[in-house]
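For our numbering, add 904 to where a residue sits in the sequence shown, where the first one is 1.
Cβ atoms here follow ideal geometry from the backbone N, Cα and C, with glycine treated the same way.
In this text the structure is predicted, and so the values were computed from the model without any measurement.
What follows is a single structure, written as structure tokens, with notes after it.
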Amino acid sequence: MSLLSLCNRWEFTNSWSQSFLAFEGEGESVRLPHTVCQLPLHYANHMDYQMICGYRRKLYIPAELADKRLFLQFDGAAHISTLFINGKEVASYYDGYTAFRTEITGYVNFGGENQIVLRLDTTENPSIPPFGNVVDYLTYGGLYREAWLDVRSGSFLRDVYVTTPTRQQVRVEATVDNPDVAGAVLVEILEDGKVIASRQQDQGRNVFEVEIPGAHCWSPEDPHLYTCRVKLLEDGGKVLDEQSVRFGVRTAEFKADGFYLNGEKYLIRGLDRHQCYPYIGYAAPASLQREDARILRHELGCNAVRTSHYPQSQHFLDACDEVGLLVFTEIPGWQHIGDKQWQERACDNTRHMVSQYRNHPSIIAWGVRINESKDCDSLYEKTNAIARQLDPSRPTSGVRCIRQSSLLEDVYAFNDFSYLGNNPPLRQKKDVTPDMNKALLITEYGGHMFPTKSYDNWSRRQEHALRHAAVINAAAASGEHAGSFGWCMVDYATHKDFGSGDRVCYHGVMDQFRNPKLAAAVYRSQQSQTPVLELSSSMEIGDYTAAKPELVHVFTNAETVDVYRGGYLVNTIYPNSQWSGLKHPPMVVEDGIGQLLETREGIEPAHAAKIRDMLLQLRQVEIEKASAKDLKKFKSILRAAGLTMEDGEYFYRKYASSWGDSATAWRFDAKNGDQVVASATCAPSTRLHLEVKASHHELREGDTYDMAAIRVRILNEYDNVVPYAQLPVRFQVEGPAQLVGGDVAVAEGGMCGTYLRTTGETGSVRLTISTGQTEPVVVGFFVTK
Ligand code: GAL
């Protein structure tokens, strides 16, 4: 078997014609992944990517391949493709989210040049999912994943399907095309490159059972992978065809009370992911796809992801296998169910999804319903049957927003948007599902219930974060949820019918560039590897109504946090029992006075407590506006402590007042035992600098171009992001790379980004990032081949 990349040397036209098919004129020269048009960050128009366009390239096929069988594969073509070889129509594909693979052997000239042409309908064509009604995300257009020529021998391995029925058993099903030519099939299991088990059988028998006693199980915490190598042998033992599949040994089951991984109860905590990026839409190369999995697992500490609302790049799924993310994947669709033909296509989509993705150990369930559609038993009986037949090893599910709906699947997946900030964060299982014996999985919460921009004020961003905390806490504490997926990982561009007027849904815990909002800290703080300390306020009084900051929440995975005011310890705070379902509950700074009256002013504890309470009460109204009754009470509390009203006013100015007094400096030391693991300071600052993070610095011109994602944040001298630094950020590149999206971005919430794309050349690249208010930063990259 040999897979040859066909990502380069394509010509593109945004207006299909017979002359394009006939290879007349010239098209725009493009490489895959390709988007039919770049879109702006805000106010993107969904009409811009809708067209009937064309891709074409020439392909020389050597005469030596005449006894082979040839296949073309387009990993992602949004949305309806028709393939022509040498002017003849070969096949069409009506699924923009899985690979279009078709045999071309009978159409090509061996020993000659061939004309490959793909006609692509990128319109929101109502004859296929997800179209036919409104859709809350852009569906972009283009040959947006890789393309391949697959050369096989006359008899070849059409498919290898690996499952692990138990924690030490591997089941391999090898499907051989044109079997009688060859002799036997050999299955080898490899661990770290070494063969640890093998089985050989005659061709008639294509199911293999291999034992791996004491196998090293796959889990998010320990994503150990094995390889299954299958060889198709001729009678003499010569290898005719070979295929390798990575797999993980794991059992994954949903039971009435939740999800079980490798026999143990396991709480799913994840986010929903759309596959879109700024400017380029869906057309992101492998490295960016992989980067999202890394961010979800290692930056956000999630153990799961839902690929809403369609199957996503195999690169993303490969990375999920590697970093350890449980995946809920699903067929394309959004609320709407179309006519009979449309429904048949949804069935095809189910077939494509399950057969193309079923070897990923990360996938734990198939979503076989159109997201949030109404009941349609006749359709869903079919999609369930297809998934169960193609992959009996995994449960089916399907995402709904209706309660007590017809449950043909194994798991009730429900988008629970019931939380309004002051009511129970999740509905009870009995109120949601008609079958208490099947698991309940929350597949969305948050989202449109509380859209939040990275440049919203602190109160809103705190509320956004707390809502996420409330729901994941409730899912953990209830004991009746298999877990939850929050809506969603990143802000996304959408249609005119949704979004904030600029056609962006600000539903992410990250912005479109994958910069974290405050809510990201809720997820990040649930892992224990990297210390996290994030405050829900900059403590700037002027950002709050009447200059009265709210309770400060601290998102941390440390055991305790010491709060200092002007260098003096106010209090030590602890995980708050309100979120006891969480591994690392947020902490709350109840007040900014704490023990200071005792430690700094030498007041007896009993008196100090009363004075503190009084100060906090007066602060609500301001001492100047306090009632005579309250002032009298304050006076008597002070007198009992041997103090005067003058002392009281002094304490008020020092500890309770805000407006009209000198700003306070705060420090927060996050500690495990006696050791400070992270520290944060909030104090006035105007000295800004840039923080620049690149996804990777060594870019590879491989089968196609590479892209680095560059994330930029503007920080103050205490390394806190400055959310109101809406500065233009300039990018200047020298060397063999180009910027995607222009050379200026405006920092939103103090954050922005860009993408650097290779050009085909190798060498050093310098990217200079500058603003009018910071020192420039130069980042180096190297492009290799
Ligand atoms: C859901 C839908 C998502 C997204 C979300 C916003 O109803 O499934 O695609 O639109 O609402 O909160």
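Any non-hydrogen atom of the ligand GAL closer than 8 Å to residue i Cβ
i: H1372; result: no
i: D1040; result: yes
i: F1402; result: yes
i: C1180; result: no
i: V1709; result: With the chain running from 905 to 1689 in the structure shown, residue 1709 is simply not present.
i: V1303; result: yes
i: H1399; result: no
i: W1483; result: no
i: H1352; result: yes
i: N1326; result: no
i: F978; result: no
i: H1213; result: yes
i: E1234; result: no
i: N1319; result: yes
i: N1275; result: yes
i: E1701; result: Only positions 905 to 1689 of the chain appear in the structure, and residue 1701 is not among them; the question remains open.
i: W920; result: no
i: W1238; result: yes
i: W1391; result: yes
i: C1224; result: no
i: C911; result: no
i: C1409; result: yes
Contacts around residue i, its chain only, beta-carbon distance under 6 Å, and the 5 residues preceding and following it disregarded
i: Q1636; result: T1672
i: R1694; result: The structure shown does not extend to residue 1694, since the chain is modelled only from 905 to 1689, so the question has no answer here.
i: R1523; result: A1560
i: L1283; result: Q1247
i: R1571; result: Y1468 and T1585
i: S1301; result: A1269, G1271, E1313, V1315 and A1317
Residue i (DSSP reduced to helix, strand or coil)
i: W1052; result: strand
i: R1249; result: helix
i: E1550; result: helix
i: V1626; result: coil
i: I1507; result: coil
i: V1074; result: strand
i: N1082; result: coil
i: A1010; result: Reading the sequence as shown, one finds Gly at residue 1010 and not Ala. Correct three-state label for G1010: helix.
i: N1110; result: coil
i: M1257; result: helix
i: L1344; result: strand
i: K1333; result: helix
i: V1426; result: helix
i: V1413; result: coil
i: C1224; result: helix
i: N1288; result: helix
i: G1351; result: helix
i: L1047; result: strand
i: T1678; result: coil
Assumed close pair residue i, residue j - CB separation to whole angstroms, cut-off 8 Å
i: K1575; j: I1541; result: About 34 Å separates the two Cβ atoms, so there is no contact after all.
i: T1658; j: V1681; result: In fact, because the Cβ distance is near 13 Å, the residues do not count as touching under 8 Å.
i: L1467; j: N1475; result: Looking at the sequence itself, residue 1467 is Val, so the reference to Leu does not match. The pair is a contact, with the Cβ atoms about 5 Å apart (cut-off 8 Å).
i: R1407; j: A948; result: 6 Å
i: Q1642; j: T1608; result: Rounded, the Cβ-Cβ distance is 14 Å, inconsistent with contact.
i: D1314; j: K1342; result: 6 Å
i: H1593; j: T1678; result: 5 Å
i: T1666; j: V1633; result: No, T1666 and V1633 are not in contact; Cβ-Cβ is about 27 Å, not under 8 Å.
i: L1486; j: I1376; result: 7 Å
i: V1153; j: I1184; result: The pair is not a contact, with the Cβ atoms about 37 Å apart (cut-off 8 Å).
i: S1441; j: V1456; result: 5 Å
i: T1460; j: S1484; result: Not quite, the Cβ-Cβ distance comes to about 16 Å (not below 8 Å), so this is no contact.
i: G1383; j: R1173; result: Actually they do not touch by this definition, with Cβ atoms about 15 Å apart.
Test: residue i CB closer than 9 Å to a CB of chain C
i: A1378; result: Checking the listed chains, one finds no chain C in this structure; it contains a single protein chain.
Beta-bridge pairing of residue i - partner residues as DSSP gives them
i: M1611; result: R1661
i: N1018; result: L963
i: W1483; result: For W1483, which the question treats as bridged, DSSP gives no partner whatsoever.
i: R1304; result: F1318
i: G1271; result: E1234 and S1301
i: H1457; result: V1492
i: D1466; result: T1476 and D1573
Sequence-distant residues of the same chain with beta carbon closer than 7 Å to residue i, five excluded per side
i: R1557; result: D1565
i: Y1261; result: P1215, L1221, T1233 and I1267
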